[in-house]
Amino acid sequence: GQSLEQPSEVTAVEGAIVQINCTYQTSGFYGLSWYQQHDGGAPTFLSYNALDGLEETGRFSSFLSRSDSYGYLLLQELQMKDSASYFCAVRDQTSNYQLIWGAGTKLIIKP
Amino acid sequence: NAGVMQNPRHLVRRRGQEARLRCSPMKGHSHVYWYRQLPEEGLKFMVYLQKENIIDESGMPKERFSAEFPKEGPSILRIQQVVRGDSAAYFCASSQDRFNSPLHFGNGTRLTVT
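Structure follows, in structure tokens:
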């Protein structure tokens with residue numbers, strides 16, 4: 001079957017670094033994406049990894065290891081505005097290239 | 001360059017009425033996706049359409065729910081004879097292609113069934 005696992009909640013301190021992990025099980029992996037969603041808002045695209053390694057975009061980085069079926073989102077210099085839910089999603093070739101979504105990780109940032 | 005536009009933002013319906021949700025994709029995007037989200041939960045895929053065609057409706061209940069994406073005009077998600085359990089946020093997203101392009105989401109329609 002297809003499934004994604006990510007922690008339901010992570011707490012961190014303002015200014016710190018936090019890593020949100022995502023493990024997946026799919027039959028036709030095509031790429032791993034990360035989306036951010038603030039309460040009451042729309043999900044917004046953060047990053048996409050199709051190949052192994054680290055992709056950096058400002059304070060956010062995303063990593064993928066296809067051999068381990070594992071990825072993570074790294075957020076540095078945390079700001080209060082980063083408090084949101086973060087979703088990993090895998091594109092699956094065997095499902096019309098649909099995005100298979102994780103249940104989301106709620107990031108709580110304390111001052 | 002307008003993003004994905006959804007309307008209405010909030011919709012209240014009584015049990016048994018019909019709900020009609022509209023979505024205009026980003027300019028140049030021909031792939032549209034509908035998702036449903038309950039509070040404190042993740043996104044549940046409902047249907048994927050590409051201009052005039054339903055590509056994948058595996059996440060959509062077979063009864064009462066339908067979707068279309070006509071050649072002209074917005075994509076419509078229609079829920080007939082709504083029940084309280086249909087209350088949720090419904091998000092539409094669009095993308096440029098089905099392989100690598102990220103999804104761009106609208107602000108959603110919050111449906112409340114009384």
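As given, the protein sequences belong to chains A and B, one line each in that order.
Quick note, the first sequence lines up with residues 1 to 111 if you use the working numbering.
Quick note, the second sequence lines up with residues 1 to 114 if you use the working numbering.
Yeah, the Cβ is synthetic: ideal placement off N, Cα and C, and Gly gets one too.
What you are looking at is a predicted structure, and each value in this text was computed from that prediction instead of being measured.
- Cβ-Cβ separation, GLN6 (chain B) to THR109 (chain B) (assumed contact under 8 Å), whole Å: Right, the Cβ-Cβ distance comes to about 6 Å (below 8 Å), so this counts as a contact.
- Task: Could you tell me which uninterrupted beta strand (DSSP E) segments, each at least 3 residues in length, are contained entirely in the segment 26-91 of chain A, listed from first to last along the chain?
- Result: The qualifying runs are 29-37, 44-49, 53-57, 60-65, 70-75.
- Query: Apart from the five residues just before and just after PHE91 (chain B), which ones in its own chain have a Cβ nearer than 6 Å to its Cβ?
  - Reply: When the five nearest sequence neighbours on each side are left out, the beta carbons in the same chain lying within less than 6 Å of the beta carbon of PHE91 (chain B) are those of TYR35, PHE105, GLY108, in order along the chain.
- If you pair each beta-carbon of the segment 90-108 of chain A with each one of the segment 22-31 of chain A, do three or more pairs fall below 8 Å? Counting Cβ pairs under 8 Å, three or more are found: they touch.
- Item | Where GLN37 (chain B) sits in the DSSP three-state scheme | It is a strand residue.
- Query: Among the residues of its own chain, which have a CB less than 6 Å from the CB of ASN65 (chain B), if the five just before and after it don't count?
  - Reply: Reading off the sequence, residue 65 (chain B) comes out as Phe, not Asn. For PHE65 (chain B), where only same-chain residues beyond five positions count, the Cβ hits under 6 Å are ILE79.
- Message: Quick check: the Cα distance between GLY15 (chain A) and VAL47 (chain B), rounded to an integer number of angstroms?
- Response: One alpha carbon belongs to GLY15 (chain A), the other to VAL47 (chain B), and they sit about 40 Å apart.
- Which residue comes first and which comes last in the beta strand (DSSP E) that contains HIS10 (chain B)? Its beta strand (DSSP E) spans residues 10-13.
- Terminal residues of the beta strand (DSSP E) in which ARG110 (chain B) lies: ARG110 (chain B) -> beta strand (DSSP E) spans 109-113.
- DSSP three-state assignment for ARG84 (chain B), whether helix, strand or coil: ARG84 (chain B) sits in a helix when the DSSP states are folded into three classes.
- Message: Output needed in chain order: residues of the segment 42-61 of chain B with a Cβ under 7 Å from some Cβ in chain A.
- Response: Contact annotation: in the segment 42-61 of chain B, residues whose CB is within less than 7 Å of a CB in chain A are GLY42, LEU43, PHE45, TYR48, ILE55, ASP56.
- Item | Under the three-state DSSP convention, the category SER95 (chain A) falls into | Here SER95 (chain A) sits in helix by DSSP.
- Task: Please confirm whether GLN19 (chain A) and TYR86 (chain A) have their CB atoms less than 8 Å apart.
- Result: No, the pair does not count as a contact, with Cβ atoms beyond the cut-off.
- Limits of the unbroken beta strand (DSSP E) element including SER75 (chain B): Segment 75-79, the beta strand (DSSP E) holding SER75 (chain B).
- Query: Given that GLN79 (chain A) touches chain B, what residues does it touch there, using C-beta distances under 7 Å?
  - Reply: Chain B residues near GLN79 (chain A): none, gap ~22 Å exceeds 7 Å.
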